[in-house]
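Enquirer: Going down the list, the sequences are from chains P and W.
Residue numbering for the first sequence follows numbering that gives the first Met the number 0, starting at 0 and increasing by one per position.
Residue numbering for the second sequence follows numbering that gives the first Met the number 0, starting at 0 and increasing by one per position.
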Amino acid sequence: MRLTGSEIFMKSLQGEGIHTAFGHPGGAILHGYDVMLDYPMKHILVRHEQVAVHAAEGFYKASGKTGTAIVTSGPGATNTVTGLTDALMDSMAIVVFTGQVPTAVMGCDAFQEADVVGTTRTCTKHNFLALKTEELPRIVKEAYYIARSGRPGPVLVDLPKDIIMGRAEFKGYPEDVYIRGYNPSVNGHPGQIRKAAELIASAKRPVIYGGGGIIHADASPELTELVDITQIPTTLTLMGLGGLDTSHPLWLGMLGMHGTYAANMCMIHTDLMIAVGSRFDDRVTGKLSEFAKNCKIIHIDIDPTSIRKNVHVDVPIVGDVKRVLAQLNAELRKITRDWRKDLEEWYGQIAEWQRDHPLRYQQNPEGAIKPQFAIEQLFKATEEHDPIFSTGVGQHQMWAAQYYRGHHPRRWITSGGLGTMGFGFPAALGAQAAFPDKLVIDIDGDGSFQMTMQDLITCAQYNLPVKIFIMNNRYLGMVRQWQELFYGRRYSQVDLEVHPDFVKLAEACGCVGMRAERPGDVKPIIEKAISTPGPVVVDVVCEREENCFPMIPAGAALKEIIDVGEPVPDKLFQGWR
Amino acid sequence: MTDPKDYRKHTLSVLVENHQGVLAKIASLIAAKGYNIDNLSVAETLDPTVSRMTMSVRGDEWVIEQVVKQLHRLIDVIKVVDLTDEAHVGREMIFIRVNAEPVNRAEILRIVEIFRGRVVDVTPTSYTLEITGEESKTQAVLELLQPFGIQEIVRSGKLAIARGSKTVPKREEGKLRLASRKQAVGE
Chain P
0 MRLTGSEIFM KSLQGEGIHT AFGHPGGAIL HGYDVMLDYP MKHILVRHEQ
50 VAVHAAEGFY KASGKTGTAI VTSGPGATNT VTGLTDALMD SMAIVVFTGQ
100 VPTAVMGCDA FQEADVVGTT RTCTKHNFLA LKTEELPRIV KEAYYIARSG
150 RPGPVLVDLP KDIIMGRAEF KGYPEDVYIR GYNPSVNGHP GQIRKAAELI
200 ASAKRPVIYG GGGIIHADAS PELTELVDIT QIPTTLTLMG LGGLDTSHPL
250 WLGMLGMHGT YAANMCMIHT DLMIAVGSRF DDRVTGKLSE FAKNCKIIHI
300 DIDPTSIRKN VHVDVPIVGD VKRVLAQLNA ELRKITRDWR KDLEEWYGQI
350 AEWQRDHPLR YQQNPEGAIK PQFAIEQLFK ATEEHDPIFS TGVGQHQMWA
400 AQYYRGHHPR RWITSGGLGT MGFGFPAALG AQAAFPDKLV IDIDGDGSFQ
450 MTMQDLITCA QYNLPVKIFI MNNRYLGMVR QWQELFYGRR YSQVDLEVHP
500 DFVKLAEACG CVGMRAERPG DVKPIIEKAI STPGPVVVDV VCEREENCFP
550 MIPAGAALKE IIDVGEPVPD KLFQGWR
Chain W
0 MTDPKDYRKH TLSVLVENHQ GVLAKIASLI AAKGYNIDNL SVAETLDPTV
50 SRMTMSVRGD EWVIEQVVKQ LHRLIDVIKV VDLTDEAHVG REMIFIRVNA
100 EPVNRAEILR IVEIFRGRVV DVTPTSYTLE ITGEESKTQA VLELLQPFGI
150 QEIVRSGKLA IARGSKTVPK REEGKLRLAS RKQAVGE
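#1: So what's Thr81 (chain P) in DSSP terms, helix, strand or just coil?
#2: Going by other Cβ atoms of all chains shown within 10 Å of its Cβ, with 16 needed for buried, is Val13 (chain W) buried or exposed?
#3: Would you identify the three-state DSSP class for Leu29 (chain P), choosing helix, strand or coil?
#4: For Glu91 (chain W), which residues does DSSP report across the bridge?
#5: Count Cβ pairs between the region 59-79 of chain P and the region 22-32 of chain P that sit closer than 8 angstroms; are there 3 or more?
#6: Identify every residue that forms a DSSP beta bridge with Pro523 (chain P).
#7: What first and last residue would you give for the alpha helix (DSSP H) that runs through Asn263 (chain P)?
#8: Using a Cβ-Cβ cut-off of 6 angstroms (strictly less than) and excluding sequence neighbours within five positions of Glu6 (chain P), which residues of its own chain qualify?
#9: Here's the rule I'm using: 16 or more other beta-carbon atoms within 10 Å means buried, otherwise exposed. How should His298 (chain P) be labelled?
#10: Compute the distance between the beta-carbons of Leu251 (chain P) and Thr223 (chain P), then report whether it is under 7 angstroms.
#11: Could you compute how far the alpha carbon of Ile273 (chain P) sits from the alpha carbon of Gly239 (chain P)?
#12: Along the chain, where does the beta strand (DSSP E) containing Glu168 (chain P) start, and where does it finish?
#13: If you reduce the DSSP assignment to three classes, tell me which class Ala556 (chain P) lands in.
#14: Could you tell me whether the Cβ of Ser12 (chain W) comes closer than 7 angstroms to any Cβ of chain P?
#15: What residue does the beta strand (DSSP E) around Phe127 (chain P) start on, and which one ends it?
#16: If you check the beta carbons only, do Asn126 (chain P) and Val139 (chain P) fall under 7 angstroms apart?
#17: Within 8 angstroms, do at least three Cβ pairs link the region 119-134 of chain W to the region 85-101 of chain W?
#18: Anything in chain P within Cβ reach of Glu64 (chain W), meaning under 7 angstroms, just list it in chain order.
#19: Output needed in chain order: residues of the region 67-98 of chain P with a Cβ under 7 angstroms from some Cβ in chain W.
#20: What does Ile77 (chain W) reach in chain P if we use C-beta pairs closer than 7 angstroms?
#21: Take Leu87 (chain P) and list the residues in its own chain whose beta-carbon comes closer than 6 angstroms to its own, dropping the five residues that flank it on each side.
#22: Could you spell out the range, first to last residue, of the beta strand (DSSP E) harbouring Pro464 (chain P)?
#23: Counting contacts by CB-CB distance shorter than 7 angstroms, is Gln150 (chain W) in contact with chain P?
#24: Figure out for me which residue from P:Arg479, P:Phe8, P:Asp217 has the closest Cα to the Cα of Asp37 (chain P).
#25: Who are the neighbours of Leu128 (chain P) on chain W, taking C-beta pairs under 9 angstroms?
#26: Could you tell me the alpha carbon to alpha carbon distance between Gly276 (chain P) and Val314 (chain P), rounded to whole angstroms?
#27: Would you kindly work out how many angstroms separate the C-alpha atoms of Thr284 (chain P) and Ala291 (chain P), rounded to a whole number?
#28: Can Val67 (chain W) and Val76 (chain W) be called in contact, C-beta distance under 7 angstroms?
#29: What number of angstroms, rounded off, separates the C-alpha of Ala161 (chain W) from the C-alpha of His257 (chain P)?
#30: Any C-beta of chain P sitting closer than 7 angstroms to the C-beta of Ala178 (chain W)?
#31: Take Val493 (chain P) and list the residues in its own chain whose beta-carbon comes closer than 6 angstroms to its own, dropping the five residues that flank it on each side.
#32: Are Ile316 (chain P) and Gln191 (chain P) close, meaning C-beta to C-beta below 7 angstroms?
#33: Quick one, which of P:Trp345, P:Tyr143, P:Gln326 has its alpha-carbon nearest Ala202 (chain P)'s?
#34: Quick test of the definition: if touching needs 3 or more C-beta pairs under 8 angstroms, does the region 207-218 of chain P touch the region 377-396 of chain P?
#35: May I have a chain-ordered list of the alpha helix (DSSP H) segments no shorter than 4 residues that lie completely inside the region 229-302 of chain P?
#36: Since Val283 (chain P) meets chain W, which of its residues come closer than 8 angstroms, beta carbon to beta carbon?
Structure (C-alpha cells):
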C-alpha cells in the first residue's frame, strides 16, 4: 500500500495508541494537519507552542502515557525549546513532532526555517530528522520507545515537508523495536541489593530520600512497602511528592531548600541515606562539601549518569526503581529485626524537630489572606475529590509543596529542575485532557500565570474544566523574597503594579472568574469554584510581602536552614550574593 | 573533587551509529559538560553502519567515569571502551614539512630512517615526512627536526586497538555489555 508520509505518520500514531495531541499548525506541517482530518485524533489547538509541550508533559505526568505535541517549522519549533528542556530536566516522556522546510532547501535560510535538530540536540533525550518517507514508522516507534523507557525524556522528530508529502510503501506499524545502542538496565545487581539490605539492617539513623523516579516508575506501592517493612522515616523531593501517602506516620514532608525542618535535619544527622529515584540536585544537597559527610549512601536510579554525579555513593544500584525496590523488599523481608525498637532513639529526635519547628503561619481573620492559608484550605476542601494539582514556579509552588496532602502518585505536577514559570496552567490543561472528568486544580502565582494565560481560551474552546487559583500578591514573590533577604530590601523589577483584572480576563475568555479578598471568603469560594462547571479562574488576593520559610539559602549548607522568625545571618551570603 | 595531579590522558574507543549528526551530538555533549577532548579520529568500521571514534580525554577517574556514562547515554553510541588500562596498541601518524637545505638533507634522511619514517614529497628546499608511532616517538622526531625549521605539521590523532583476540564490534552488536554499567554497579 503506497501512502503519503502524512498518512504513514497518522497510521503510526494510531498504531502507537496516540489519540490525543496538543499542537498548532503552520506551513511546513500543513499536509499532516490535512490528513489528520481523516483520522480519529483528538487534537487540542493551543495558542502558543510552549503550551502544547507543557500540556503534553501534564498529560504524561497525570496519566503515565507519553504526551504528544505537533507544531510547525521555524518559530513553531523554537517555541517548544523551553518545554523540551523542562521535560528533559524532569524526565517527562513526551514526543514532539516539528514540521521542517523541504530537504532541498534545508540550510538555505528558507522561510520559517530553523535548524531544529541542532537547536534541540542538548534539550532532548534524542532527536530524529526524517530523511526518507519509508522510515517514518520506524522513527515514530523508536521515538515513543525512547521517550518512555529507561529514564523518560523528551524526543523530537523533525519532519521535512517533502518527506511527509512524498509516498512510500507502508508495511504496517512495527511491533518490535531494537536499538543496539540503547538497552536501559532494568533489574538491580543482586550482589548490590544484598549489600544495601545489610546496610539498611544495621543503620541507626536511616532516612529514605525519594525523588521523581518513584513516580515515573510507578513504584509508589514498592516504596510504601519498603517504608512499612523497615519503618524508616521518609522524605520526598519536589518531584517525588505523592510517592508516599502524606498521611503515612513516617512521612517527614518535602526536603530541600524550602523543605521541612525535620526532613532537612534528618538529612544532616542520618547515618544511612537511601536515595531512590532522586539525583542529588543542588536544591536538595545545599553546599556539596558539607553534604552527607557522616553517612553512607545507597543510590538506586535507572540513569547511570545520575550516580556519583554530585556525591560519592557507597552502594550504587542501577535499575528500574520499581524492580529494584521489589528485589530489595524481598531481601529485607528475610531479615528478622525489631525495626521500630532499633530506631526508637531516632524517632525521638525527629519528633523533637517536628515539635519545635513545624510548618506554620498566622492568619489574622481580619487581615489579608495568607497564601499558606488559602493553599492549605484548598487541599483540605478538595481532599475527598482526590484532585490532580499542578503549580507554577515561585513562592506559591513551595507553599503548595509544603502543605501538600495527597494519597496517590501522579496527582502532583510541577516544574522542578528547570523551574519554568508559566508551567502550571498548561500542565493542568494537559492533565485535564487526559482525565476529562477529574478535578484538576492549578495553584498558580500571578507572575507565573501571566506567562501562559492566553490559553484560557483553549480551555473554553474544548471545555477543559481546569480550576485555577491564583495566589495574587502583585509581586514576583520569590524574587522579591530574595531581594528582601539578601539584597537589603532593594526591590528591582518585581512589583507587578498593573495587573489584568483576572475575573474579567476569565470572562473575556469564556471562563468563569471569581475573587477572594478576605480570609472568610476562601472556603466558600473554593467550594463554589469546584462546583461550577467549566474552567474557573479564582483570583485570591493575598498578603503582599509574605516570605516562604524554612529556607536554606542557595549555596549554604543544610545546617544553615532558616526557620520562620529566625534572623538571616549576614555572613552567610557574602561569598556568593 | 580530586587533585589535578590525578589527571591523566585516557584513550576511549567509541562505537557509534554511522549516520548524519552523530559526531555533532557527541561534540555538543562533550562541550556542554565542559570536558575537553585532546584529539579525535573517526572512521567507518568493517560494518558500514558503525563508525569508530578514538578520542583522548584528560581527567581524573571521576571525570572519565562521567564522560563514559554521558557518552553511553546517547542513543547513537553503541559501546564505549576505556583502553587506558587495558593492553592496547596506540599509534598516531604525523606529516611534517621540514626545511631541507642541501647541507642538511643527509642528516634529515638519517633521522627519518632511525624512526622508520618515509619521505613522501620533496621540493628543492623541503622534505615532507610521514612518521607513524606512539605519541612519544612522534614527539621525539619533532624535537630532533626542530633545528632545521619545521614549516607545517598535520597529525591524525591517536588510533588504538586492544591487544589479544577480542574483537569489537562483532556483527551482532546489541548484546555487548556496557562499559559504564560495569562501573555503575560497582562489580
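Positions of the beta carbon are idealized from the N, C-alpha and C atoms, including for glycine.
Expert: The structure says:
#1: Here residue 81 (chain P) refers to the residue found at position 82 of the first sequence. Correct three-state label for Thr81 (chain P): helix.
#2: Translated into the one-based positions of the second sequence, residue 13 (chain W) becomes position 14. Val13 (chain W) comes out buried.
#3: The count along the first sequence starts at 1 and reaches residue 29 (chain P) at position 30. Correct three-state label for Leu29 (chain P): helix.
#4: Counting from one through the second sequence, the residue named residue 91 (chain W) turns up at place 92. DSSP lists W:Gly132 as partners of Glu91 (chain W).
#5: yes
#6: If you number the first sequence from 1, residue 523 (chain P) lands on position 524. Partner(s): none; Pro523 (chain P) has no beta bridge.
#7: The count along the first sequence starts at 1 and reaches residue 263 (chain P) at position 264. Per DSSP, the unbroken alpha helix (DSSP H) holding Asn263 (chain P) starts and ends at 260-268.
#8: The sequence position of residue 6 (chain P) within the first sequence is 7, counting from 1. Closer than 6 angstroms at the Cβ level, and outside the excluded window around Glu6 (chain P), lie Val34.
#9: For the purposes of this step, residue 298 (chain P) is taken as residue 299 along the first sequence, with counting starting at 1. Buried, since its Cβ has 16 or more Cβ neighbours within 10 Å.
#10: Taking the first residue of the first sequence as position 1, residue 251 (chain P) is located at position 252. Taking the first residue of the first sequence as position 1, residue 223 (chain P) is located at position 224. No.
#11: As a working mapping, residue 273 (chain P) is identified with position 274 in the first sequence. As a working mapping, residue 239 (chain P) is identified with position 240 in the first sequence. Here the alpha carbon of Ile273 (chain P) sits roughly 14 angstroms from the alpha carbon of Gly239 (chain P).
#12: Stepping through the first sequence from its first residue, residue 168 (chain P) is reached at position 169. Where Glu168 (chain P) is concerned, the enclosing beta strand (DSSP E) stretches over 166-168.
#13: In the first sequence, counting from the first residue as 1, residue 556 (chain P) sits at position 557. Of the three classes helix, strand and coil, the one that applies to Ala556 (chain P) here is coil, per DSSP.
#14: Walking along the second sequence from the start, residue 12 (chain W) turns up at place 13. Not closer than 7 angstroms to any Cβ of chain P, the Cβ of Ser12 (chain W) fails to qualify, so no.
#15: On the first sequence, residue 127 (chain P) is found 128 positions in, with the first residue counted as 1. Note, Phe127 (chain P): beta strand (DSSP E), 125-128.
#16: The residue labelled residue 126 (chain P) in the question sits at position 127 within the first sequence. The residue labelled residue 139 (chain P) in the question sits at position 140 within the first sequence. For Asn126 (chain P) and Val139 (chain P), no; Cβs fall outside 7 angstroms.
#17: yes
#18: Sequence index remark: in the second sequence, residue 64 (chain W) carries index 65 (1-based). Per Cβ cutoff of 7 angstroms: Arg307.
#19: none
#20: On the second sequence, residue 77 (chain W) is found 78 positions in, with the first residue counted as 1. Neighbours of Ile77 (chain W) on chain P, chain order: Arg179, Gly180.
#21: Start at 1 with the first residue of the first sequence, and residue 87 (chain P) comes out as number 88. Only Cys122, Gly152, Pro153 meet the Cβ criterion.
#22: What you label residue 464 (chain P) is simply residue 465 of the first sequence in a count that begins at 1. From DSSP, Pro464 (chain P) is part of no beta strand (DSSP E); its letter is neither H nor E.
#23: The sequence position of residue 150 (chain W) within the second sequence is 151, counting from 1. Interface residue (Cβ-Cβ distance to chain P less than 7 angstroms): Gln150 (chain W) is not classified as such.
#24: By one-based count along the first sequence, residue 37 (chain P) stands at place 38. Residue P:Phe8 is the option with its Cα nearest to Asp37 (chain P).
#25: By 1-based counting over the first sequence, the position of residue 128 (chain P) is 129. The answer, in chain order, is Gln19, Gly20.
#26: Indexing the first sequence from 1 puts residue 276 (chain P) at position 277. Indexing the first sequence from 1 puts residue 314 (chain P) at position 315. Going from the Cα of Gly276 (chain P) to the Cα of Val314 (chain P) covers about 14 angstroms.
#27: If you number the first sequence from 1, residue 284 (chain P) lands on position 285. If you number the first sequence from 1, residue 291 (chain P) lands on position 292. Answer to the nearest angstrom: the Cα atoms are 8 angstroms apart.
#28: Numbered from 1 along the second sequence, position 68 holds the residue referred to as residue 67 (chain W). Numbered from 1 along the second sequence, position 77 holds the residue referred to as residue 76 (chain W). No, they are not a contact pair.
#29: Along the second sequence, read from residue 1 onward, the residue named residue 161 (chain W) stands at position 162. Along the first sequence, read from residue 1 onward, the residue named residue 257 (chain P) stands at position 258. Approximately 51 angstroms, taken between the alpha carbons.
#30: For the purposes of this step, residue 178 (chain W) is taken as residue 179 along the second sequence, with counting starting at 1. Here the model assigns Ala178 (chain W) a pLDDT of 39, short of 50, so the residue's position is not dependable, and the following value carries that caveat. Answer no: the Cβ-Cβ gap between Ala178 (chain W) and chain P never drops below 7 angstroms.
#31: Position 494 of the first sequence, counted from the start, is the residue given in the question as residue 493 (chain P). Answer for Val493 (chain P): Tyr474, Leu475, Val478, Arg479, listed in chain order.
#32: Against the first sequence, residue 316 (chain P) aligns to sequence position 317. Against the first sequence, residue 191 (chain P) aligns to sequence position 192. Going by C-beta atoms, Ile316 (chain P) is nearer than 7 angstroms to Gln191 (chain P).
#33: Taking the first sequence and counting its residues from 1, one reaches residue 202 (chain P) at position 203. Here the closest residue by C-alpha is P:Trp345.
#34: With the cut-off at 8 angstroms, the region 207-218 of chain P and the region 377-396 of chain P do not touch.
#35: 260-268, 281-284
#36: If you number the first sequence from 1, residue 283 (chain P) lands on position 284. In chain order: nothing, as chain W lies at least about 18 angstroms away.
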